[in-house]
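A.B. asks:
Protein chains: 2
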Amino acid sequence: MVDRVASALAPTSSVVTDARTQILAVALRLFATRGFDGTSLQDIAQLVGIRKASLLYHFESKEQLRLGVLDHVLSVWNEGLPRLLVAAARTGAPRFSSLIGEVIRFFAEDRNRARLLLRESLDRGEDMRMRLQTFVAPWVGVVTEYIREGQKNGDVDPHVDPEAYVVQIVHMVVSGMATASTLDHALLPATHSLGSPDERHVRELLRIARTSLFRDRGTP
Amino acid sequence: MVDRVASALAPTSSVVTDARTQILAVALRLFATRGFDGTSLQDIAQLVGIRKASLLYHFESKEQLRLGVLDHVLSVWNEGLPRLLVAAARTGAPRFSSLIGEVIRFFAEDRNRARLLLRESLDRGEDMRMRLQTFVAPWVGVVTEYIREGQKNGDVDPHVDPEAYVVQIVHMVVSGMATASTLDHALLPATHSLGSPDERHVRELLRIARTSLFRDRGTP
DNA sequence: ACAAGTGTCTACCGATTGGTAGGCGCGCTC
DNA sequence: GAGCGCGCCTACCAATCGGTAGACACTTGT
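Protein sequence lines correspond, in order, to chains Y and U.
If you read the first sequence in the numbering used here, its first letter stands for residue 15, the second for the next number, and so on.
If you read the second sequence in the numbering used here, its first letter stands for residue 15, the second for the next number, and so on.
1) DSSP beta-bridge partners for U:F228?
2) Name, please, each residue of chain Y whose Cβ falls closer than 8 angstroms to the Cβ of U:V184.
3) Any beta carbon of chain Y sitting closer than 7 angstroms to that of U:D74?
4) By how many angstroms is the C-alpha of Y:V174 removed from the C-alpha of Y:S226?
5) State buried or exposed for Y:A103, treating a residue as buried only when at least 16 other CB atoms are found within 10 Å of its CB.
6) Please report whether the beta-carbon of Y:F149 lies at a distance below 7 angstroms from any beta-carbon of chain U.
7) Just curious, the alpha helix (DSSP H) that U:R125 is in, first and last residue?
8) Which residue marks the beginning of the alpha helix (DSSP H) containing U:L99, and which one marks its end?
9) Establish whether the CB of Y:G232 and some CB of chain U are separated by less than 7 angstroms.
10) With distances taken Cα to Cα, identify the nearest neighbour of U:V187 among U:H199, U:R217, U:R145, U:L81.
11) What's the gap between the Cα of Y:A192 and the Cα of Y:A128?
12) For U:I58, which residues in the same chain have their Cβ closer than 7 angstroms to its Cβ, ignoring the five residues on either side in sequence?
13) Is there a Cβ from chain Y that is less than 7 angstroms from the Cβ of U:D175?
14) Between which two residues does the alpha helix (DSSP H) holding U:I64 run?
15) Taking C-beta pairs closer than 9 angstroms, name the residues in chain U that Y:Y315 reaches, listed in chain order.
16) Output the distance between the C-alpha atoms of Y:R6 and Y:V181, rounded to the nearest integer angstrom.
17) Is the shortest distance between the beta-carbon of Y:A139 and the beta-carbons of chain U less than 7 angstroms?
18) Can you give the Cα-Cα distance for Y:S21 and Y:L79, rounded to whole angstroms?
19) So what's Y:D198 in DSSP terms, helix, strand or just coil?
20) Rounded to the nearest angstrom, what separates U:V150 and U:R138 at their Cα positions?
21) Figure out for me which residue from U:P152, U:E134, U:T158 has the closest Cα to the Cα of U:D51.
22) For the alpha helix (DSSP H) holding Y:S189, just list the boundary residues, first then last.
23) Of the choices Y:D198, Y:F110, Y:G168, Y:S189, whose alpha-carbon is the least far from that of Y:L132?
24) Can the beta-carbon of Y:H86 be found closer than 7 angstroms to that of U:A178?
25) Beta-carbon within less than 6 angstroms of U:V154's beta-carbon, same chain only, minus the 5 sequence neighbours each way: which residues are those?
26) Please tell me whether U:V154 has its Cβ less than 7 angstroms away from any Cβ of chain Y.
27) When DSSP labels each residue in this structure, what does U:F45 get in the three-state scheme?
28) Enumerate in chain order the residues of its own chain whose CB-to-CB distance from Y:A223 is below 7 angstroms, with the five nearest sequence positions on each side excluded.
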C-alpha cells in the first residue's frame, strides 16, 4: 500500500531524494577537489543551501556521507557495465577501442570521479582495496579473458601480463584524468600544432595502450 | 675557528639540523599517508618527540612546513639529476632502461614521495604546475630530445608524441608507486607464478613503455 | 662573569570542527 | 481536527585546530 502510493506520486520521497542527491553531488565535488579532511560539513551545507544540522539529518555522520558519495560513484560505474559488455561483443581492435573508450568516457564525464577514487585509494587503502575487488574485479576479469583469447589468436603480444596490463592502463586513465590540468598543462606546450593538451593526452594514451597490446601495433 | 670546531664536533648546528631533518621526515610520512589536512601539528610533534610549540619554532607555520617538505623532496630529486644525465649518455635500449629505471628507483626508494606529489597535485594544482615546470620540465626536455633523436634514427616509432608519452609514463610510475598496495594487490592474484605483485607491476610497466616507444618493440 | 642567543617547554587563545537537543511548520492519515 | 512523522531550523556543546606569549635551561662569545 505504501509502496503503491509512493511509486505513483512519490511526493515525499522525491523531495527526499532531491535533497540527498544534491548533497551527494556537492560532497563529491568538494571531497574530490579539497579532500575529505579539507572539506567541512558547513561548506557542503552552504553550497546546497541548507544548514549543517539538516545535512546531518540525511547522513547521520560525516563518515556516512563519505561512504554515500563513494558508493554513489561506484554505482554509477556499475550502471555503465552493460554498455561495456556490448562493447566487448566486438572483436579485435574495435573491441579494444570500445572497451578503453568506455572507461575513459566514465572519468572524462566527471573528472571528480577520478579525483575521488584516487584520494580514497590514498586515504583508505585497505577499505578501497576490498571495494575495488567487489566493483571492478569482475570487469577486469572480462577484459583479461579477452586479452588471453587474443593471445591464443595471435593478435595480442604473448608477453602481455593481462592483469598487470589492465592495472597500468587504469593508472594512466585515472591519474591522467585526475591531475590533467596540472602535469599535462605544465609539460605539454599549448602552442603545439597537435591540438589541445587534453587531445594529445588521450591520443597518446590510446596509442601506448594499443601498440603495447597488439603484436602488429594495432592499426597504425 | 667556529667552522673548525663546528665541523669537528658540530655540537649546536648538528642538533639543529637533526631536529629540522627529523621534522621533515615525519611530516613527509604523515602528509603522504594521511594528507595535509588530515595531519595535525600535534601528530607530527608527538612522533618527533617534541612539543607543538617547539615544532613551530623551526617552521613558523603549518604552511611553511608544507612548503619545506615539498621543497625537500624536490631537492632530493634534483640531487639525482646528474646520475640521470649519465644514464642518458648511453644509446638505444640501454639508455631507455637507465632513464626510466632512475625514475622508478626514485619513487620506489620511498613511496611517500609519490604519494606526496600526487596529493599536492590534487590539493594545489596551480602551485604544483609552476613547481613542476621548474623542477621536471628541464629533465623532460632532455628525454624528449632523445626521443626525437631516436625518431630520426628510425629506432623510435614516429607516431610517438614525445611530451605526451613522457607524461603518461610518469603517470604510470607515480600513480603506481603511490597506490601500489591498493589497486595492484586487489587485482593481481598473489598465487600467480610470475612473482609478487610489485615485480609484475614494474615488469609490465617497463614492457608497455618499451614496446610503445620502439618501432621494433625494443628487446623482446 | 656576564650578556646574548638558541631551543624547548608550559599555558593559553580564538576559531572551527563534527555532532546533539529540541522546537517549528507542513502535509498526511485517521 | 487531532495526532504524527518528516524535513529543516536555531542554539548549543566539547574537542581539536593552528598559533602566540613568556619562562626556563643551556651554550657561546666577550
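Here a beta-carbon is modelled for each residue, glycine too, at the ideal position from N, C-alpha and C.
C.D. replies: With the given structure in hand:
1) U:V170
2) L197
3) Note that residue 74 of chain U is Glu in the sequence shown here, rather than Asp. Not an interface residue.
4) 8 angstroms
5) exposed
6) no
7) 125-137
8) 95-102
9) no
10) U:R217
11) 5 angstroms
12) I37, V40, A41, L44, L69
13) yes
14) Where U:I64 is concerned, there is no enclosing alpha helix (DSSP H), given that its DSSP letter is neither H nor E.
15) Absent from the structure is residue 315 of chain Y, since the part of chain Y shown begins at 15 and ends at 234.
16) The structure shown does not extend to residue 6 of chain Y, since chain Y is modelled only from 15 through 234, so no value can be given for it.
17) One point to set straight first is that residue 139 of chain Y is Gly, not Ala, in the sequence displayed. So, interface residue.
18) With a pLDDT of 34 at Y:S21, under the threshold of 50, the predicted position of this residue should be treated as unreliable, though the coordinate-derived value follows. Going by the C-alpha atoms only, they are around 26 angstroms apart.
19) helix
20) 17 angstroms
21) U:E134
22) 176-192
23) Y:S189
24) no
25) V180
26) yes
27) helix
28) I114, I183
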